[in-house]
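Enquirer: Protein sequence lines correspond, in order, to chains A and B. Everything in the first sequence is counted per full-length UniProt numbering, starting at 1 for the first residue and increasing by one. Everything in the second sequence is counted per full-length UniProt numbering, starting at 1 for the first residue and increasing by one. Pasting a structure below so you can have a look.
2 protein chains.
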Amino acid sequence: MSHALSAAPRPPAWRPGSACNGSCRHASACEATRGGDPALLGVRGVVERVGPFSDGDRLVQPGSPHRGYFSVLSGMAKTTDANRVVAFHLPGELFALEPTRAQVHERSISAIGKTWFCRFPRDAMSDLCGDNDDIARHLAALRRREHRLLKASHDDGDALTRVSGFLFDLRCRRRHIEGESAFVPLPMSREDIGSYLGMSAATVTRMLGRLRAAGILTIRADGIDVSDEASLVPRQDSPGSKPSRSFIS
Amino acid sequence: MSHALSAAPRPPAWRPGSACNGSCRHASACEATRGGDPALLGVRGVVERVGPFSDGDRLVQPGSPHRGYFSVLSGMAKTTDANRVVAFHLPGELFALEPTRAQVHERSISAIGKTWFCRFPRDAMSDLCGDNDDIARHLAALRRREHRLLKASHDDGDALTRVSGFLFDLRCRRRHIEGESAFVPLPMSREDIGSYLGMSAATVTRMLGRLRAAGILTIRADGIDVSDEASLVPRQDSPGSKPSRSFIS
DNA sequence: CGACTCTTTGATCCTGATCAACACCGGTGG
DNA sequence: CCACCGGTGTTGATCAGGATCAAAGAGTCG
């Protein structure tokens with residue numbers, strides 16, 4: 001599942017002009033077109049499919065010129081900042097929207113397993129935004145969300161809470177793609193999960209084992225089957241009490 | 001040093017109309033007038049001195065109407081949010097600037113030890129801001145700083161680093177008031193410091209003890225004497241490496 | 001002086017990191 | 001076909017930081 005770290009982004013098989021016709025498997029979950037919203041269909045005209053990338057290949061790296069936005073067409077991706085994983089990207093999710101004025105990417109984005117991307121050229125998207133307020137607003141909203149997610153820290157609560165919260169989040173996001181399914185693929189390494197959640201890979205394994213022992217999920221080679229979703233969601237016993245810090249006064 | 005938690009803000013001895021003549025001991029460190037900047041002298045005409053508050057008395061609490069800004073005239077104060085200390089306020093420092101549109105205070109502010117405040121009525125300050133761009137800009141800058149400080153988390157590094165960083169910060173801020181002085185008063189409880197730094201009071205005591213054992217400071221009943229300031233500042237061995245999380249890929 | 005709170009200090013416990021050993025798996029080359 | 005190999009996942013042992021609990025000083029204020 002892993003590759004030697006590629007020193008530079010490997011030139012993938014670009015498919016310019018392969019505009020989207022809305023027939024891809026995740027069309028209804030596509031964030032770029034908001035699941036096929038008629039107001040946003042113009043976006044389909046500018047998208048290019050790019051791939052395949054294999055595990056570890058970098059799509060962009062810090063300093064590389066920002067010439068487009070991306071979404072996952074199939075597979076998975078991660079964004080890393082200073083060697084720390086700050087986001088995972090599932091099929092349909094749009095990312096690499098940097099601040100509007102940004103000329104270069106600020107973080108690395110790399111494939112997890114064999115992955116195809118959709119690329120939305122920045123110039124074409126800018127033109128679309130100028131012509132279509134809906135697209136502009138939609139993109140701005142997604143950009144704000146990305147900014148929020150990249151800033152969010154996952155250092156709250158203990159290791160078990162963080163792992164189960166992470167799985168719950170993944171499961172919720174997958175629902176948009178696959179609908180109801182107990183299976184949640186985890187193609188990223190335990191190390192990656194640990195980096196994202198701020199714990200060691202060994203602890204990730206142990207917390208998964210604890211959730212398995214509790215009958216909440218079963219562990220497969222390529223992911224997990226969630227059998228008791230209700231137990232994954234962080235249970236907040238009494239409202240307004242966060243035991244992440246010591247109490248005072 | 002401590003009081004039973006007062007359920008409601010105790011009405012202090014208000015001194016309306018006691019405009020500032022710049023003769024107070026911390027005039028040169030007064031943030032409201034930027035140390036007596038001629039462009040900001042108008043502020044002195046609207047300030048009122050209020051006090052004395054004794055230890056634990058609340059100046060404002062969440063939900064109380066926002067009718068003024070405050071600074072410490074003498075003593076010290078703390079801002080608490082959900083029972084956590086999020087800021088300490090030293091003489092001369094302006095605070096309780098909430099967002100411009102805020103109608104009510106969002107956090108508690110209470111006195112630490114016997115404390116006098118300067119109160120800057122909101123309406124009068126608004127008028128001043130309308131008449132004087134310097135005052136408006138100055139207030140906006142201070143408001144941004146307050147927002148940043150209240151959001152900042154002190155959960156980076158280990159306990160010793162956080163305590164010494166805290167003391168270093170206090171010492172730097174006191175320099176504006178007292179000039180060069182080895183003494184740094186700590187009128188707040190160890191519990192308060194621990195709440196602010198995200199650790200237990202016992203750990204605060206232990207870390208202080210460790211700094212004392214290292215010859216960096218001596219401990220007094222009401223504070224500390226810093227004898228080796230250079231050792232207080234967080235030493236970053238190699239730039240760009242933060243061992244606060246595990247590393248990846 | 002006495003009650004009270006705060007600080008200090010010791011003992012213990014818990015969480016999660018770290019390290020090491022081992023199983024597993026896919027790929028590679030004989 | 002099979003031995004080998006590097007990377008990954010799992011699991012156990014150990015360790016360190018800091019929380020928690022308890023008990024003993026030390027002020028402090030009435």
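Glycine residues also receive a C-beta, built at the ideal position from the N, C-alpha and C atoms. If you're wondering where the values come from, they're calculated on a predicted model, not measured in any experiment.
Go through its chain and collect everything with a Cβ distance to residue 171(A)'s Cβ below 8 Å, but skip five positions before and after it.
Expert: Counting from 1 along the first sequence, the entry for residue 171(A) is found at position 171. Only 184, 226, 229 and 232 meet the Cβ criterion.
Enquirer: For residue 83(B), which of 207(B), 56(B) and 159(B) has the nearest alpha-carbon?
Expert: By one-based count along the second sequence, residue 83(B) stands at place 83. The shortest Cα separation from residue 83(B) among 207(B), 56(B) and 159(B) belongs to 56(B).
Enquirer: Output the distance between the C-alpha atoms of residue 58(A) and residue 115(A), rounded to the nearest integer angstrom.
Expert: Within the first sequence, the letter at position 58 stands for residue 58(A). Within the first sequence, the letter at position 115 stands for residue 115(A). Near 11 Å, if we compare the C-alpha coordinates of residue 115(A) and residue 58(A).
Enquirer: Anyone know if the C-beta pair for residue 195(A) and residue 85(A) falls short of 8 Å?
Expert: One-based indexing of the first sequence puts residue 195(A) at position 195. One-based indexing of the first sequence puts residue 85(A) at position 85. Their beta carbons are under 8 Å apart, which means residue 195(A) touches residue 85(A) by this criterion.
Enquirer: Specify whether the region 141–160 of chain A and the region 122–133 of chain A touch according to this definition: at least 3 beta carbon pairs, one from each stretch, less than 8 Å apart.
Expert: Flag = no, the region 141–160 of chain A and the region 122–133 of chain A do not touch.
Enquirer: Going by the beta-carbon positions, is the gap between residue 205(B) and residue 190(B) smaller than 8 Å?
Expert: By 1-based counting over the second sequence, the position of residue 205(B) is 205. By 1-based counting over the second sequence, the position of residue 190(B) is 190. Yes.
Enquirer: In its own chain, which residues sit with a C-beta less than 6 Å from the C-beta of residue 68(B), not counting the 5 before and 5 after it?
Expert: To locate residue 68(B), count along the second sequence from 1; it is residue 68. Same-chain partners within the cutoff: 119, 120, 121 and 122.
Enquirer: Can you list, in chain order, the stretches of the alpha helix (DSSP H) that have 4 or more residues and sit fully within the region 83–130 of chain B?
Expert: Taking only runs of at least 4 residues, no alpha helix (DSSP H) segment lies wholly in the region 83–130 of chain B.
Enquirer: By the 10 Å Cβ neighbour count, where 16 or more other Cβ atoms means buried, how is residue 75(A) classified, buried or exposed?
Expert: Position 75 of the first sequence, counted from the first residue, corresponds to residue 75(A). With 16 or more Cβ atoms within 10 Å of its Cβ, residue 75(A) is classed as buried.
Enquirer: Taking the alpha helix (DSSP H) that residue 252(A) belongs to, which residues open and close that run?
Expert: With chain A represented from 1 up to 249, any question about residue 252(A) goes unanswered, as that position is not in the structure.
Enquirer: Here's the rule: buried if 16 or more other CB atoms are within 10 angstroms of the residue's CB, otherwise exposed. What is residue 215(A)?
Expert: Numbered from its first residue, the first sequence carries residue 215(A) at position 215. Its Cβ having fewer than 16 others within 10 Å, residue 215(A) is exposed.
Enquirer: Report buried or exposed for residue 113(B), applying the criterion of at least 16 other Cβ atoms within 10 angstroms of its Cβ.
Expert: By 1-based counting over the second sequence, the position of residue 113(B) is 113. Counting Cβ neighbours within 10 Å, residue 113(B) comes out buried, since at least 16 surround it.
Enquirer: Tell me, please, whether the region 101–109 of chain B touches the region 130–143 of chain B by the rule of three or more beta-carbon pairs shorter than 8 Å.
Expert: Contact between the region 101–109 of chain B and the region 130–143 of chain B is absent, because fewer than three Cβ pairs lie under 8 Å.
Enquirer: With burial defined as no fewer than 16 other Cβ atoms inside 10 Å of the residue's Cβ, what is the status of residue 78(B): buried or exposed?
Expert: Mapped onto the second sequence, residue 78(B) falls at position 78. Flag for residue 78(B) reads buried.
Enquirer: Between which two residues does the beta strand (DSSP E) harbouring residue 51(B) extend?
Expert: Here residue 51(B) refers to the residue found at position 51 when the second sequence is read from its first residue. That run of the beta strand (DSSP E) goes 48–53.
Enquirer: So what does residue 223(A) bridge to, in DSSP terms?
Expert: Your numbering for residue 223(A) matches position 223 in the first sequence. Looking at the DSSP assignment, residue 223(A) forms a beta bridge with 185(A) and 220(A).
Enquirer: From residue 247(A) to residue 197(B), what distance separates their C-alpha atoms?
Expert: Position 247 of the first sequence holds residue 247(A). Position 197 of the second sequence holds residue 197(B). Low confidence applies to residue 247(A): its pLDDT is 32, below 50, so where it sits in the model is not reliable enough to give any reading.
Enquirer: Output the boundary residues of the beta strand (DSSP E) element that contains residue 81(A).
Expert: Within the first sequence, the letter at position 81 stands for residue 81(A). Taken as a continuous stretch (DSSP letters only), the beta strand (DSSP E) holding residue 81(A) covers 68–81.
Enquirer: Excluding sequence positions up to five away, which residues of its chain have a Cβ less than 8 Å from the Cβ of residue 44(B)?
Expert: Residue numbering aside, residue 44(B) sits at position 44 when the second sequence is read from its first letter. Answer for residue 44(B): 19, 20, 21, 22 and 33, listed in chain order.
Enquirer: In chain order, which beta strand (DSSP E) runs of at least 3 residues are fully inside the region 137–215 of chain A?
Expert: Listed in chain order, they are 183–185.
Enquirer: What does a CB cutoff of less than 6 Å around residue 182(B) pick up in its chain, not counting 5 residues either side in sequence?
Expert: Sequence index remark: in the second sequence, residue 182(B) carries index 182 (1-based). The answer, listed in chain order, is 225 and 226.
Enquirer: Only counting the same chain, and skipping five residues up and downstream in sequence, which positions put a Cβ closer than 7 Å to that of residue 106(B)?
Expert: On the second sequence, position 106 is the one that residue 106(B) refers to. Result list for residue 106(B): 62 and 98, in chain order.
Enquirer: Is residue 92(B) near residue 147(B), with beta carbons less than 8 Å apart?
Expert: Start at 1 with the first residue of the second sequence, and residue 92(B) comes out as number 92. Start at 1 with the first residue of the second sequence, and residue 147(B) comes out as number 147. Cβ distance not < 8 Å, so residue 92(B) and residue 147(B) don't count as in contact.
Enquirer: Can you give me the Cβ contacts of residue 142(A) inside the same chain, cut-off strictly under 7 Å, excluding the 5 residues immediately before and after it?
Expert: Taking the first sequence and counting its residues from 1, the one referred to as residue 142(A) is at position 142. Only 31, 94 and 97 meet the Cβ criterion.
Enquirer: Could you tell me whether the Cβ atoms of residue 70(B) and residue 188(B) are closer together than 8 Å?
Expert: One-based indexing of the second sequence puts residue 70(B) at position 70. One-based indexing of the second sequence puts residue 188(B) at position 188. Going by C-beta atoms, residue 70(B) is not nearer than 8 Å to residue 188(B).
Enquirer: Buried or exposed for residue 327(A), please, with buried defined as at least 16 other CB atoms from any protein chain shown within 10 angstroms of its CB.
Expert: It is not possible to answer for residue 327(A), since the shown part of chain A is limited to 1 through 249.
Enquirer: Just the C-alpha distance for residue 201(A) and residue 209(A), rounded to the nearest angstrom, thanks.
Expert: By 1-based counting over the first sequence, the position of residue 201(A) is 201. By 1-based counting over the first sequence, the position of residue 209(A) is 209. Rounded to whole angstroms, residue 201(A) to residue 209(A) spans 12 Å at the Cα level.
Enquirer: On the premise that residue 155(A) lies in contact with residue 155(B), defined as a C-beta separation below 8 Å, what is that separation, rounded to the nearest angstrom?
Expert: On the second sequence, position 155 is the one that residue 155(B) refers to. On the first sequence, position 155 is the one that residue 155(A) refers to. Confirmed, about 7 Å.
Enquirer: Measuring alpha carbon to alpha carbon, tell me which residue in 186(B), 192(B) and 177(B) is nearest residue 35(B).
Expert: As a working mapping, residue 35(B) is identified with position 35 in the second sequence. Among 186(B), 192(B) and 177(B), the Cα nearest to that of residue 35(B) is on 177(B).
Enquirer: Residues in the same chain with beta-carbon distance under 8 Å from residue 239(B), minus the five sequence neighbours each way, listed in chain order, please.
Expert: Taking the first residue of the second sequence as 1, we reach residue 239(B) at position 239. At residue 239(B), the pLDDT of 40 sits below 50, so the modelled position is not reliable; the number obtained from the coordinates is stated separately. Here the set comprises nothing.
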